[in-house]
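Peer 1: Just passing along the structure, written as structure tokens.
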Amino acid sequence: MTPESHSQTPDLPAGDDARPGPPPGCPAHGLGPGGLARLHESDDLKRLYEQLREEHGPVAPVLIHDDVPLWVVLGHAESQQLVRSPAQFTKDSRIWSALRDGLVKPDHPLMPHIAWQPMCAHTEGEQHRRWRGAIDTAVSATDFRSLRRYVNRSVQRVVNRFCEAGEADLVSDYAEHLPMAVMCHVLGMPDEYDDRMVQAARDMIRGTETAIASNAYVMEALNRLTARRRKEPQDDFTGHLVGHPAGLSDEEVSQHLRVVLIAAYEATANLLANVLRQVLIDPRFRSQLNGGQMTVPQAVEQLLWDEPPFSTIFAYYAKQDTELGGQRIRKGDGLLFAPAPANVDPRVRPDPTADMQGNRSHLAFGGGTHECPGQDIGRVIAEIGVDALLMRLPDVELSCDEEELAFTESIASRHLVSLPVHFTPRPQQEITQAPSHEVGAGVPAAYDWQIGGVPRQAEAPAPARASVGGSAGGADAGARRADVGAPGAEAGLPGADAGVTGAGVGAGAPGAGVGGSPEAGPVPAAVPVPAAVPVPPPLAPPEPPKGAWQRFLRWWRGY
1395 MTPESHSQTP DLPAGDDARP GPPPGCPAHG LGPGGLARLH ESDDLKRLYE
1445 QLREEHGPVA PVLIHDDVPL WVVLGHAESQ QLVRSPAQFT KDSRIWSALR
1495 DGLVKPDHPL MPHIAWQPMC AHTEGEQHRR WRGAIDTAVS ATDFRSLRRY
1545 VNRSVQRVVN RFCEAGEADL VSDYAEHLPM AVMCHVLGMP DEYDDRMVQA
1595 ARDMIRGTET AIASNAYVME ALNRLTARRR KEPQDDFTGH LVGHPAGLSD
1645 EEVSQHLRVV LIAAYEATAN LLANVLRQVL IDPRFRSQLN GGQMTVPQAV
1695 EQLLWDEPPF STIFAYYAKQ DTELGGQRIR KGDGLLFAPA PANVDPRVRP
1745 DPTADMQGNR SHLAFGGGTH ECPGQDIGRV IAEIGVDALL MRLPDVELSC
1795 DEEELAFTES IASRHLVSLP VHFTPRPQQE ITQAPSHEVG AGVPAAYDWQ
1845 IGGVPRQAEA PAPARASVGG SAGGADAGAR RADVGAPGAE AGLPGADAGV
1895 TGAGVGAGAP GAGVGGSPEA GPVPAAVPVP AAVPVPPPLA PPEPPKGAWQ
1945 RFLRWWRGY
């Protein structure tokens, strides 16, 4: 593809070089041949995309590193046409004109994204069906109820690392760790999850000077896993890839595992950080979650519209001369699939701030034959990752002004650098327990988070009752308070411990005086004893929810 292919349709008359240039103030003005915008030099891609949309329409000519020309697809309908027309567009970069003509050098910064590799993301036809079929089979074998349970336990492990400190960075301490812990489990190598694996994945994605070494570290782990599954088949993602009738070689298995691990990790880490950021900076968004007007899954879908994990996805190539969005596309031209600008196409979202609850027509996970196969796994991690964190730390608040939050932006994605927060320090919890905040810790009832739930009404504290001599009735009442004050006691939550502690305070030790103090001794006869407060009838221990909706919620959350 040459710069001349970026012409309007129809072509300008011969000898007419008065093609309109970018408007004054546009970042594209004078930055490249023909006045085309260099995407990699923009510090505000959202603004640039809107300027390109206004100037060129739903498909716009742009430049990437080394002034290599591309089309960027900004329209929602045009993006769907791009990904759903395999007869016209392919992911096989070997037909790319810029590559065949030598415009794209071997050391081009985007070469790791665009260079052809023997995997389903770069192939079409029978080879794509063979590789993609193996991945789809492995994904379909996922037990999502067990996965939800494991995500809950992973939340407990990760939060336990910082819950007692009262502060954390929810990007580096949480959003970058939870997806890697879960994905290592899904692939069948939970023991490989550690800080080094997280750092290696982040390093590969950022394309630093050590990215090659980090890639080697990840591939060594995946090669070991593949060899182990050849010898010891198991019912996990890798086991299904190895045992698939398509007969993937060890190299094919390892390479596809790398794609699944890194793509799922990056997408989910970005999504999780974006949802948590929105909860912390937008009181209305948080109140909708807290009040049950919006469920956590709906919140995740809203952020998939507003902040898709990948801004653009490299790349599609024209297999023949065609037309897209009013532009003439020549055979061999390259096109960027761009979910971020397509999701805010004014033809489908006249008001970009509009609530998109219940609408899954966003392009965050691509579409067509190359649609992300693991998107439901990513949704589960993000949904439970948000819900369970807010259950553990219901009073979490941002530790800086919203304006101080920084992002690193590239053509491919926009990363939140950090999300500093503070909260009431809390003790660690057993990983087998359902995530929950402590009962009786002074947390407002409004923070009783649950998917699709409503605020739990705070129970009135039991009136103080004098106990003379530590009567058995006082102990019984204290025990009853332990039962009442421990929602989730069935799961062994810390609330049960808090309730038992309260029982000890109310009942006192044998022979204790007023208030349960063993040192107080018997009450003197001259001291009037306050009238006993009537003891309410015994309450039965809380039972599991019996309604169909409540039972579904417990099953959905993996408890």
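If you read the sequence shown in this note's numbering, its first letter stands for residue 1395, the second for the next number, and so on.
All residues carry an ideal CB built from backbone N, CA and C; glycine is no exception.
Note that the structure is predicted; figures quoted are calculated from it, not measured.
#1: CA-CA distance, residue 1828 and residue 1566?
#2: Per DSSP, what are the beta-bridge partners of residue 1432 in this structure?
#3: Helix, strand or coil for residue 1814, going by three-state DSSP, please let me know.
#4: Going by C-alpha to C-alpha distance, which of 1435, 1430, 1440, 1768 sits closest to residue 1705?
#5: What are the start and end residues of the beta strand (DSSP E) that includes residue 1716?
#6: Fully enclosed by the segment 1729-1766, which alpha helix (DSSP H) runs are 4 residues long or longer?
#7: List the endpoints of the continuous beta strand (DSSP E) containing residue 1820.
#8: Reducing DSSP to helix, strand and coil, say where residue 1490 ends up.
#9: Quick one: what does DSSP say residue 1723 is sitting in, helix, strand or coil?
#10: Out of 1487, 1558, 1451, 1560, point me to the one whose CA is closest to residue 1713's CA.
#11: For the segment 1761-1774 and the segment 1675-1684, state whether three or more C-beta atom pairs, one from each stretch, are separated by less than 8 Å.
#12: Taking residue 1658 as part of the alpha helix (DSSP H), name the residues at either end of that continuous run.
#13: For the pair the segment 1708-1724 and the segment 1447-1464, tell me if three or more CB-CB distances fall below 8 Å.
#14: Hey, would you say residue 1761 sits closer than 9 Å to residue 1526, going by beta carbons?
#15: Where does the unbroken alpha helix (DSSP H) through residue 1704 begin, and where does it stop?
#16: May I have the straight-line CA-CA distance separating residue 1575 from residue 1584, to the nearest angstrom?
#17: Taking buried to mean at least 16 other C-beta atoms within 10 Å of its own C-beta, is residue 1794 buried or exposed?
#18: For the beta strand (DSSP E) that residue 1466 lies in, which residues bound it at each end?
#19: Quick one: Cα of residue 1483 to Cα of residue 1491, how far?
#20: Assign residue 1807 to buried or exposed, taking buried as 16 or more other Cβ atoms, counted over all protein chains shown, within 10 Å of its Cβ.
#21: For the segment 1537-1568, which segments carrying the beta strand (DSSP E) assignment without a break, of at least 3 residues, lie completely within its bounds, in sequence order?
#22: What is the DSSP secondary structure of residue 1620, counted as helix, strand or coil?
#23: To the nearest angstrom, report how far apart residue 1622 and residue 1634 are at their CA atoms.
#24: Can you tell me the Cβ-Cβ gap for residue 1464 and residue 1728, rounded? I've got them flagged as a contact below 8 Å.
#25: Please go through the same chain and pick out, in chain order, the residues whose beta-carbon is closer than 6 Å to the beta-carbon of residue 1666, but skip the five residues on each side of it.
#26: Can you tell me where the beta strand (DSSP E) with residue 1520 in it begins and where it stops?
#27: Sort 1426, 1447, 1435, 1432 by Cα distance to residue 1736 and report the nearest one.
#28: Quick check on this structure: which residue in 1820, 1607, 1543, 1516 has the alpha carbon closest to the alpha carbon of residue 1489?
#29: Over the uninterrupted beta strand (DSSP E) stretch that includes residue 1803, give me the two end residues.
#30: Is the beta carbon of residue 1662 sitting closer than 9 Å to the one on residue 1480?
#31: Does residue 1695 pass the burial test, meaning 16 or more other C-beta atoms within 10 Å, or should it be called exposed?
#32: Using three-state DSSP, classify residue 1504 as helix, strand or coil.
#33: Report, in whole angstroms, the separation of the C-beta atoms of residue 1648 and residue 1616, which I expect to be a contact under 8 Å.
#34: Among residues of its own chain, excluding the 5 on either side of residue 1646, which ones have a beta-carbon nearer than 8 Å to its beta-carbon?
#35: Report the CB separation of residue 1670 from residue 1564 in whole angstroms; it is logged as a contact under 8 Å.
#36: When you compare each of 1804, 1797, 1818, 1802 to residue 1790 by their alpha carbons, which one comes out closest?
Peer 2: Taking the coordinates as given:
#1: One-based indexing of the sequence shown puts residue 1828 at position 434. One-based indexing of the sequence shown puts residue 1566 at position 172. Residue 1828 and residue 1566: Cα-Cα distance of roughly 23 Å.
#2: As a first step, residue 1432 must be located in the sequence shown, where it is residue number 38. BP columns for residue 1432 point to 1457.
#3: To locate residue 1814, count along the sequence shown from 1; it is residue 420. Residue state, collapsed to three classes: strand.
#4: For the purposes of this step, residue 1705 is taken as residue 311 along the sequence shown, with counting starting at 1. Considering only alpha carbons, the answer is 1440.
#5: One-based indexing of the sequence shown puts residue 1716 at position 322. Unbroken beta strand (DSSP E) run through residue 1716: 1716-1718.
#6: 1733-1737
#7: Position 426 of the sequence shown, counted from the start, is the residue given in the question as residue 1820. No beta strand (DSSP E) holds residue 1820; DSSP gives it neither H nor E.
#8: For the purposes of this step, residue 1490 is taken as residue 96 along the sequence shown, with counting starting at 1. Residue state, collapsed to three classes: coil.
#9: Position 329 of the sequence shown, counted from the start, is the residue given in the question as residue 1723. Looking at residue 1723 - three-state DSSP - the assignment turns out to be strand.
#10: Position 319 of the sequence shown, counted from the first residue, corresponds to residue 1713. It is 1487 whose Cα lies nearest to the Cα of residue 1713.
#11: no
#12: Taking the first residue of the sequence shown as 1, we reach residue 1658 at position 264. Counting along the chain, the alpha helix (DSSP H) containing residue 1658 begins and ends at 1644-1675.
#13: yes
#14: The sequence position of residue 1761 within the sequence shown is 367, counting from 1. The sequence position of residue 1526 within the sequence shown is 132, counting from 1. Against a cut-off of 9 Å, the Cβ pair of residue 1526 and residue 1761 comes out as no contact.
#15: Taking the first residue of the sequence shown as position 1, residue 1704 is located at position 310. Neither: residue 1704 is in no alpha helix (DSSP H) and is coded neither H nor E.
#16: Your numbering for residue 1575 matches position 181 in the sequence shown. Your numbering for residue 1584 matches position 190 in the sequence shown. Spanning the two alpha carbons is a distance of roughly 7 Å.
#17: Here the question's residue 1794 lines up with position 400 in the sequence shown. With fewer than 16 Cβ atoms within 10 Å of its Cβ, residue 1794 is classed as exposed.
#18: Counted from its first residue, the sequence shown places residue 1466 at position 72. Segment 1462-1467, the beta strand (DSSP E) holding residue 1466.
#19: Residue mapping note: residue 1483 aligns to position 89 of the sequence shown, counting from 1. Residue mapping note: residue 1491 aligns to position 97 of the sequence shown, counting from 1. Taking the straight line from one Cα to the other gives about 14 Å.
#20: Residue mapping note: residue 1807 aligns to position 413 of the sequence shown, counting from 1. That one is buried.
#21: 1561-1563
#22: Counting from 1 along the sequence shown, the entry for residue 1620 is found at position 226. Note: residue 1620 maps to helix in three-state DSSP.
#23: Residue 1622 sits at position 228 when you count from the first residue of the sequence shown. Residue 1634 sits at position 240 when you count from the first residue of the sequence shown. Their backbone Cα atoms lie some 13 Å apart in a straight line.
#24: Taking the sequence shown and counting its residues from 1, one reaches residue 1464 at position 70. Taking the sequence shown and counting its residues from 1, one reaches residue 1728 at position 334. Right, the Cβ-Cβ distance comes to about 5 Å (below 8 Å), so this counts as a contact.
#25: Walking along the sequence shown from the start, residue 1666 turns up at place 272. Once the five neighbours on either side are set aside, the close Cβ partners of residue 1666 are 1569, 1776, 1779.
#26: Position 126 of the sequence shown, counted from the first residue, corresponds to residue 1520. Premise fails: residue 1520 lies in the alpha helix (DSSP H), 1519-1534, not in any beta strand (DSSP E).
#27: Within the sequence shown, the letter at position 342 stands for residue 1736. Measuring from the Cα of residue 1736, the nearest candidate turns out to be 1447.
#28: As a position in the sequence shown, residue 1489 is number 95, starting the count at 1. Residue 1516 holds the alpha-carbon nearest to the alpha-carbon of residue 1489 among 1820, 1607, 1543, 1516.
#29: Working through the sequence shown from its first residue, we reach residue 1803 at position 409. Element bounds for residue 1803: 1801-1803.
#30: Taking the first residue of the sequence shown as 1, we reach residue 1662 at position 268. Taking the first residue of the sequence shown as 1, we reach residue 1480 at position 86. No; because the gap between Cβ atoms is not below 9 Å, this pair is not in contact.
#31: Residue 1695 sits at position 301 when you count from the first residue of the sequence shown. Buried, by the Cβ-count rule.
#32: Here the question's residue 1504 lines up with position 110 in the sequence shown. Looking at residue 1504 - three-state DSSP - the assignment turns out to be coil, as it is neither helix nor strand.
#33: The residue given as residue 1648 occupies position 254 in the sequence shown. The residue given as residue 1616 occupies position 222 in the sequence shown. Their Cβ separation, rounded to whole angstroms, is 5 Å, which keeps residue 1648 and residue 1616 in contact under 8 Å.
#34: Numbered from its first residue, the sequence shown carries residue 1646 at position 252. Cβ within range, chain order: 1512, 1513, 1525.
#35: Residue mapping note: residue 1670 aligns to position 276 of the sequence shown, counting from 1. Residue mapping note: residue 1564 aligns to position 170 of the sequence shown, counting from 1. Their Cβ separation, rounded to whole angstroms, is 5 Å, which keeps residue 1670 and residue 1564 in contact under 8 Å.
#36: Residue mapping note: residue 1790 aligns to position 396 of the sequence shown, counting from 1. It is 1818 whose Cα lies nearest to the Cα of residue 1790.
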